[in-house]
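Participant:
Numbering (the UniProt record's numbering), first residue to last: 1 to 206.
1. Would residue 203 and residue 86 qualify as a contact pair, given that the criterion is a beta-carbon distance under 8 Å?
2. For the structure I just gave you, are there three or more beta carbon pairs, one from the segment 160-173 and one from the segment 132-143, closer than 8 Å?
3. How would you call residue 142, buried or exposed, if buried means at least 16 neighbouring beta carbons within 10 angstroms?
4. Suppose the cutoff is 7 Å on Cβ atoms and the five residues either side in sequence are ignored; what does the same chain contact list for residue 169 look like?
5. Taking the C-alpha atoms as reference points, what is the distance between residue 95 and residue 26?
6. What does the alpha-carbon distance come out to for the pair residue 63 and residue 18?
7. Could you check if residue 197 is buried or exposed, using at least 16 other CB atoms within 10 Å of its CB as the buried criterion?
8. Taking the Cβ atom as the reference point for each residue, do residue 195 and residue 90 lie within a distance shorter than 8 Å?
9. On the CB-based measure, 16 or more other CB atoms within 10 Å of its CB, does residue 156 come out buried or exposed?
10. Note down the Cα distance separating residue 11 from residue 48, rounded to an integer number of angstroms.
11. May I ask which residues mark the beginning and end of the alpha helix (DSSP H) holding residue 102?
12. Report back the beta-carbon spacing between residue 125 and residue 188 to the nearest angstrom; my notes put them in contact at under 8 Å.
13. Three-state secondary structure (DSSP) at residue 153?
14. Assign residue 60 to buried or exposed, taking buried as 16 or more other Cβ atoms, counted over all protein chains shown, within 10 Å of its Cβ.
15. Let's see if you can read the secondary structure: which residues bound the alpha helix (DSSP H) around residue 177?
Here you go:
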């Protein structure tokens with residue numbers, strides 16, 4: 001019985017997260033209340049508060065549900081960085097962009113995060129987590145590029161930190177613009193050549 005109750009609780013939590021994603025996408029985060037989400041999920045507001053402290057906590061859980069697999073993927077590719085760090089850097093960048101074009105669920109959540117959320121008030125703490133994620137990404141990418149430089153795969157004039165920031169800026173630019181209007185350019189077709197152009201440009205002699 002206890003196991004069934006635990007499974008039911010997880011099912012309710014997932015239903016709330018699914019409803020939050022749908023309502024956030026349709027109404028925008030600032031115009032969505034917990035009552036809206038409760039109605040969409042077919043639960044009471046009390047059920048939401050059982051699982052989440054507030055709207056910001058619910059939003060964070062919605063993001064984490066999709067970001068966690070990316071962290072695991074990066075860990076799995078850690079060994080690749082040791083021998084071929086530039087291949088690792090490309091794989092990490094392409095994983096995100098390919099998943100964006102192939103997974104509508106992932107696309108919708110990133111669209112909410114970039115275009116349908118104001119990071120003010122109770123959502124300000126989410127902004128801090130967003131920045132933390134960016135710093136973490138830059139750190140991982142910088143480590144790979146520094147390793148590449150040590151192996152002679154990048155010329156001396158390349159600053160690994162600056163180059164890592166460039167990768168993040170390039171990816172953010174593609175994600176922000178494509179989620180705003182997918183018809184702007186074919187991301188699935190352009191992602192690989194664009195990432196390759198940047199990384200090969202880094203490796204080119206000055």
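The beta carbon of each residue, even a glycine, is placed where N, CA and C say it ideally should be.
Quick caveat, the model's predicted, so the values are computed rather than measured.
Facilitator: Let's see:
1. yes
2. yes
3. Burial state of residue 142 is buried, judged by a 10 Å Cβ sphere holding 16 or more other Cβ atoms.
4. none
5. Each residue's Cα considered, the two are about 27 Å apart.
6. 11 Å
7. exposed
8. yes
9. exposed
10. 12 Å
11. 85-102
12. Not confirmed; about 34 Å, so no contact.
13. coil
14. Around the beta carbon of residue 60, 16 or more other beta carbons sit within 10 angstroms, so the residue counts as buried.
15. 160-180
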